[in-house]
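Read the structure below first, then the notes.
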Amino acid sequence: MGLRAARRVLAWPVRQIADLSSRGPRALAIAPQDIRTTDPAIADDIYAGHFHFAGRIVDSHGTSPFDFTEVPLEWETALMGFAWLRHLRAAETALARANARSLIDEWITRQSRQSGGIAWQPQVAARRLISWLSHSPLPLEGADAHFYRRFMKSIGRHVTFLSRQVADGLDGEAKLTAVLALMQASLCATGLESSRRKYEKLLVNTLQAQVLPDGAHISRNPQVLVDLLLDLLPLRQAFTARGLSIPQELISCVDRVLPMLRMMRHGDATLALFNGMGVTAPDTLATVLAYDDARGQPVMNAHYAGYQRLEGDNTIVVCDAGAPPPPPYSMRAHAGALSFEMSSQGQRIIVNCGAPSQMRGALREAARLTAAHSTLTVADTSSCRFASGGIARAVCDGAIIAGPSQVETRRGDDELASEIDVSHDGYAATFHLLHRRRLKLAADGWRLEGVDTLSPTAKSGQGLESVDYALRFHLHTQVRAGLIENGQGVLLALPTGEAWIFHASGLPLTLEESVFFAGFDGPRTTSQIVIHGDAASQPEIAWVLSRSQ
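Pasting the structure below:
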């Protein structure tokens, strides 16, 4: 449906509705494009009562999906967010339009007197408002005046609810989504013109507070950048569609975020697994990067974000060289200080375990531990402490409440190699230890050298005490690993035909089981190279990963 046709569908019922409040949204003028990928076949599943969200299928058996109570939290969150409307719109059939209208009407009927539960969590309500506005032509084409009135009234209720939430101190990612929804509503709906400047100022202030100068989100989660662009790019178009100037901060934000995403991207078009990043949808990533008119180069030194990227020919290394994000933004952050990922010729080799698609319970907690990352773990203890149990859990919801406070980075680049030298104090309070990691990637990409060192803190006033550690290198599921040279080396065979060999200062190596949480089909078993040692007797480990063919 073209823009002119969409405007006609959105506007026609207004002539029949004289009693809509002049203080709220009166009519819809535009419907911003949803650039998320679609699958028309999902529309058929939804019509048949098969609701497949967050990795779970729930059959309605002829009842409304909004009446279900015993359903997974993630499934209900996706249902209540209505982002799935895009699949119905992609079907482009009268049946899909009628089904969308019926489901929205069911939701309005059940929620007209509700104000709690998953449906009214601010981030869910904001996502629902964005979805309704973006796909409003879908239910409104062929709708009668009664439905239009109910639809507009509910949009007004969402605007009022989110405005109050923001005014009451909403923070974190939920605030960002709420502000984006309010800004979109003020552009799409007539009757909200008086609030537009307020929402625009709120948007600018929120972007300045949450998007760092180098383009990373303050949460340090690459997935947040993808989600942000999926909302910002249509919003940018909406300003133009209404004949309004695009805020400079919005333009600047998009221009910074796109190169930052490229920094986190491996050669196989997936994003590095840091701080809550899970499965990458390659089509979605390609969609947002297609809007990079400059086709910019990736950021190499993201000082504010706390990430470093090394490139040597077709070999890529990305390292976490930052402190944990502030508590309101750390609910999904990981204890992965100094961890790194490596890929060659588009094939992932060294990885972190990543975040499971089902962010709940033991899987979520295990994925956040230091041991789930390619870095050094002291005494099987994570470098960060998470809020858990009792009041701390209830108030902070898994936020990081202790971790590295000083992360220092030095970098050098020349024609022969690129090198970083990073240290963190996440083990200072408990073990009086500092962890330092040096990584050096040859310019031809055939050799990565690393040195991991444990040293006593200046305040300890003593030497290194005896404490166990484990230096881990998690392997991608497509890498076949085998011990060679009587356990002094590991041969890594890649499906591309490449082979790499890992050595470590003549120390014995072990291959142990690991779990890759970020698989497209769910968690999968894989392997990890592990070096066990004692800080007092072996405080430094030099290792090398070299390509043999």
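Mapping to our numbering: the sequence shown position 234 is 227, numbers consecutive.
For glycine and all other residues, C-beta sits at the position ideal for the given N, C-alpha and C.
**Report entry** Endpoints, beta strand (DSSP E) assigned at Glu442
**Finding:** Taking the first residue of the sequence shown as position 1, residue 442 is located at position 449. Element bounds for Glu442: 440 to 449.
Query - Where Glu304 falls: helix, strand or coil (DSSP) - result: Residue 304 sits at position 311 when you count from the first residue of the sequence shown. DSSP places Glu304 in the strand class (E or B) of the three-state scheme.
**Report entry** Rounded C-alpha distance that separates Phe140 from His128
**Finding:** Along the sequence shown, read from residue 1 onward, the residue named residue 140 stands at position 147. Along the sequence shown, read from residue 1 onward, the residue named residue 128 stands at position 135. Note on geometry: alpha-carbon atoms of Phe140 and His128 lie some 15 Å from one another.
Query raised in the report: What is the DSSP secondary structure of Gly405, reduced to helix, strand or coil?
Result: The residue you call residue 405 lines up with position 412 of the sequence shown. Annotated three-state conformation of Gly405 is strand, per DSSP.
Query raised in the report: For Arg258, which residues does DSSP report across the bridge?
Result: Counting from one through the sequence shown, the residue named residue 258 turns up at place 265. In DSSP, Arg258 forms a bridge with Leu264.
Query raised in the report: Over what stretch of residues does the alpha helix (DSSP H) that includes Gln230 continue unbroken?
Result: Locating residue 230 in the sequence shown gives position 237, counting from the first residue. Residue range 215 to 234 is occupied by the alpha helix (DSSP H) that includes Gln230.
Report task. Determine the burial state of Pro501: buried for a count of at least 16 other Cβ atoms within 10 Å of its Cβ, exposed for fewer. Result -> Numbered from its first residue, the sequence shown carries residue 501 at position 508. Exposed is the call here.
Report task. Indicate the three-state DSSP secondary structure (helix, strand or coil) for Asn345 in the structure shown. Result -> Counting from one through the sequence shown, the residue named residue 345 turns up at place 352. The three-state secondary structure of Asn345, taken from DSSP, is coil.
**Report entry** Identity of the residues DSSP links to Phe466 by a beta bridge
**Finding:** Position 473 of the sequence shown, counting from 1, holds the residue named residue 466. BP columns for Phe466 point to Ile522.
Query raised in the report: Going by DSSP, which residues form a beta bridge with Ala433?
Result: Taking the first residue of the sequence shown as 1, we reach residue 433 at position 440. What sits at residue 433 in the sequence shown is Lys, not Ala. DSSP output for Lys433 lists Glu412, Glu442 as bridge partner(s).
Requested in this report: Give the range of the alpha helix (DSSP H) segment to which Asp37 is assigned.
Outcome: Along the sequence shown, one-based indexing puts residue 37 at 44. Going by DSSP, Asp37 is part of the alpha helix (DSSP H) stretching over 33 to 40.
Report task. Look at the Cβ atom of Met324, then the Cβ atom of Asp220, and state whether they are nearer than 7 Å. Result -> Residue 324 sits at position 331 when you count from the first residue of the sequence shown. Residue 220 sits at position 227 when you count from the first residue of the sequence shown. At least 7 Å separates the beta-carbon of Met324 from that of Asp220.
Report task. Quick one: measure Cβ to Cβ for Leu434 and Trp493, integer angstroms, because I've assumed they're closer than 8 Å. Result -> The count along the sequence shown starts at 1 and reaches residue 434 at position 441. The count along the sequence shown starts at 1 and reaches residue 493 at position 500. That pair is no contact at about 13 Å.
**Report entry** Limits of the alpha helix (DSSP H) - the one that Asp276 falls within
**Finding:** Your numbering for residue 276 matches position 283 in the sequence shown. Per DSSP, Asp276 belongs to the alpha helix (DSSP H) from 275 to 282.
Requested in this report: Select from Arg19, Ile522, Tyr462 the residue whose C-alpha is nearest the C-alpha of Lys146.
Outcome: Numbered from 1 along the sequence shown, position 153 holds the residue referred to as residue 146. Nearest to Lys146 by C-alpha distance, out of Arg19, Ile522, Tyr462, is Arg19.
Query raised in the report: If you run the structure through DSSP and keep just helix, strand and coil, what is His45?
Result: Taking the sequence shown and counting its residues from 1, one reaches residue 45 at position 52. Under the three-state reduction of DSSP, His45 is assigned to strand.
Requested in this report: Could you please give me the residues that DSSP links to Phe495 through a beta bridge?
Outcome: Looking up residue 495 in the sequence shown gives position 502. The secondary-structure analysis by DSSP pairs Phe495 across a beta bridge with Val483, Leu538.
Query raised in the report: Name the DSSP bridge partner or partners of Leu426?
Result: Taking the sequence shown and counting its residues from 1, one reaches residue 426 at position 433. For Leu426, which the question treats as bridged, DSSP gives the partners Pro449.
Query raised in the report: Using a Cβ-Cβ cut-off of 8 Å (strictly less than) and excluding sequence neighbours within five positions of Asp527, which residues of its own chain qualify?
Result: If you number the sequence shown from 1, residue 527 lands on position 534. Closer than 8 Å at the Cβ level, and outside the excluded window around Asp527, lie Ser459, Val460, Asp461, Tyr462.
**Report entry** His425 versus Pro318: straight-line alpha-carbon distance, rounded
**Finding:** Taking the first residue of the sequence shown as 1, we reach residue 425 at position 432. Taking the first residue of the sequence shown as 1, we reach residue 318 at position 325. Rounded to the nearest angstrom, the two C-alpha atoms are 23 Å apart.
Query raised in the report: Does the separation of the CB atoms of His84 and Ala36 fall below 7 Å?
Result: Position 91 of the sequence shown, counted from the start, is the residue given in the question as residue 84. Position 43 of the sequence shown, counted from the start, is the residue given in the question as residue 36. In the sequence under discussion, the amino acid at residue 84 is Ala, which differs from the His named in the question. The beta carbons of Ala84 and Ala36 sit closer together than 7 Å.
Query raised in the report: Cα separation between Arg302 and Val159?
Result: Taking the sequence shown and counting its residues from 1, one reaches residue 302 at position 309. Taking the sequence shown and counting its residues from 1, one reaches residue 159 at position 166. As the crow flies, the alpha-carbon of Arg302 is around 36 Å from that of Val159.
Query raised in the report: With burial defined as no fewer than 16 other Cβ atoms inside 10 Å of the residue's Cβ, what is the status of Ala387: buried or exposed?
Result: Mapped onto the sequence shown, residue 387 falls at position 394. Confidence at Ala387 is low in this model, with a pLDDT of 48, below 50, so the placement of that residue is unreliable and no value is reported for it.
Query raised in the report: Who are the near neighbours of Val2 in its chain, counting only those whose CB is closer than 6 Å to its CB and skipping five residues on each side?
Result: Translated into the one-based positions of the sequence shown, residue 2 becomes position 9. Only weak support exists for where Val2 lies, its pLDDT of 46 falling under 50; the coordinates are left without a value.
Query raised in the report: Can you round the beta-carbon distance between Leu432 and Gln340 to whole angstroms, since I take them to be within the 8 Å contact cut?
Result: Residue numbering aside, residue 432 sits at position 439 when the sequence shown is read from its first letter. Residue numbering aside, residue 340 sits at position 347 when the sequence shown is read from its first letter. Beta-carbon to beta-carbon, Leu432 and Gln340 are separated by about 19 Å, too far to satisfy the 8 Å threshold.
Query - Identity of the residues DSSP links to Ile393 by a beta bridge - result: Locating residue 393 in the sequence shown gives position 400, where the first residue counts as 1. Beta-bridge pairing links Ile393 to Phe379.
Requested in this report: Grab the span of the beta strand (DSSP E) containing Leu333 for me, first residue to last.
Outcome: For this step, residue 333 is matched to residue 340 along the sequence shown. Per the sequence shown, residue 333 should be read as Phe rather than Leu. Note, Phe333: beta strand (DSSP E), 333 to 337.
Query raised in the report: How is Ile148 classed by DSSP in three states: helix, strand or coil?
Result: Numbered from its first residue, the sequence shown carries residue 148 at position 155. Collapsing the DSSP output to three states places Ile148 in a helix.
Query raised in the report: Under three-state DSSP, which class holds Val310?
Result: Here residue 310 is taken as the residue at index 317 of the sequence shown, counted from 1. Note: Val310 maps to strand in three-state DSSP.
Query - Between the CA atoms of Lys194 and Arg465 - distance to the nearest angstrom - result: In the sequence shown, counting from the first residue as 1, residue 465 sits at position 472. In the sequence shown, counting from the first residue as 1, residue 194 sits at position 201. If you draw a straight line from the Cα of Arg465 to the Cα of Lys194, it comes to about 46 Å.
Query raised in the report: Under the three-state reduction of DSSP, which class applies to Phe154: helix, strand or coil?
Result: Position 161 of the sequence shown holds residue 154. Looking at Phe154 - three-state DSSP - the assignment turns out to be helix.
Query - Ile101, enclosing alpha helix (DSSP H) - first and last residue - result: Reading the sequence shown from its first residue, position 108 is the one you call residue 101. Ile101 -> alpha helix (DSSP H) spans 87 to 104.
Query raised in the report: Looking at C-alpha atoms only, which residue of Gly260, Cys312, Val311, Arg229 is the closest neighbour of Ser245?
Result: The residue labelled residue 245 in the question sits at position 252 within the sequence shown. Comparing alpha carbon positions, the residue from Gly260, Cys312, Val311, Arg229 closest to Ser245 is Arg229.
Query raised in the report: Which residues in the same chain as Leu362 place their Cβ atom closer than 7 Å to its Cβ, once the five residues preceding and following it in sequence are excluded?
Result: Locating residue 362 in the sequence shown gives position 369, where the first residue counts as 1. So the list reads Ala328, Ser375, once near-sequence residues are dropped.
**Report entry** CA-to-CA distance, His54 to Gly42, given in whole angstroms
**Finding:** Position 49 of the sequence shown holds residue 42. Position 61 of the sequence shown holds residue 54. So the two alpha carbons sit approximately 6 Å from each other.
Query raised in the report: Do you know offhand how far Arg94's Cα is from Leu88's?
Result: Translated into positions along the sequence shown, residue 94 becomes position 101. Translated into positions along the sequence shown, residue 88 becomes position 95. In this structure, the CA atom of Arg94 is about 10 Å from the CA atom of Leu88.
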